[in-house]
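S.K.:
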Amino acid sequence: VVGPGDFFGEVEVFNDTVRCSAAIAQTDCVFLVLARQHLMEAIPQVVLESIFRYSTMRVQWRNSRLLLLLESLANLHWAPERDARAALEPEIKALMKMRTSL
395 VVGPGDFFGE VEVFNDTVRC SAAIAQTDCV FLVLARQHLM EAIPQVVLES IFRYSTMRVQ
455 WRNSRLLLLL ESLANLHWAP ERDARAALEP EIKALMKMRT SL
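Going by the numbering used here, the first residue of the sequence shown is number 395, and it counts up by one from there.
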């Protein structure tokens, strides 16, 4: 759940990729949409670095939760169609690209 002042979609902005984040509003909302170029020009480097660190932590937390889920399913002898590493490969590549772009 995203609250007041929170943001989403920053991974796509930093990586200049297509949208992979989505949200459904539970209440009326006001959104600010920024193009990548405008965001990079308008926000000081220190703020961009903070957003990057926050996003990295969020991705790492999501990945750890996903791995925990897959390990739990494996303990139940459930086999996914792809292994956990392959499933996380797009996230890992995006994270590495984010690190090199800042």
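Yeah, the Cβ is synthetic: ideal placement off N, Cα and C, and Gly gets one too.
For the pair the region 415-422 and the region 432-444, tell me if three or more CB-CB distances fall below 8 Å.
M.R.: Flag = no, the region 415-422 and the region 432-444 do not touch.
S.K.: Would you say the region 423-433 touches the region 448-463, given that touching needs at least three Cβ pairs under 8 Å?
M.R.: The answer is no - the region 448-463 does not touch the region 423-433, with fewer than three Cβ pairs under 8 Å.
S.K.: In chain order, what residues of the same chain have a beta carbon less than 6 Å from the beta carbon of LEU482, not counting five sequence neighbours either side?
M.R.: The residues are ASN457.
S.K.: Output the distance between the C-alpha atoms of HIS471 and LEU463, rounded to the nearest integer angstrom.
M.R.: Rounded to the nearest angstrom, the two C-alpha atoms are 13 Å apart.
S.K.: Please report how far the alpha carbon of VAL352 lies from the alpha carbon of ARG430, in whole angstroms.
M.R.: This structure cannot speak to residue 352, because the chain is shown only from 395 to 496.
S.K.: Measuring straight from C-alpha to C-alpha, what distance separates LEU460 and MET434?
M.R.: The straight-line gap from Cα to Cα measures roughly 31 Å.
S.K.: Kindly give me the distance between the Cβ atoms of ASP404 and SER466, rounded to whole angstroms, as I take these residues to be in contact under 8 Å.
M.R.: It is Glu, not Asp, that sits at residue 404 in the sequence shown. Their Cβ separation, rounded to whole angstroms, is 29 Å, which puts GLU404 and SER466 out of contact at 8 Å.
S.K.: Is the distance from the Cβ of ALA488 to the Cβ of ASN409 below 8 Å?
M.R.: Yes.
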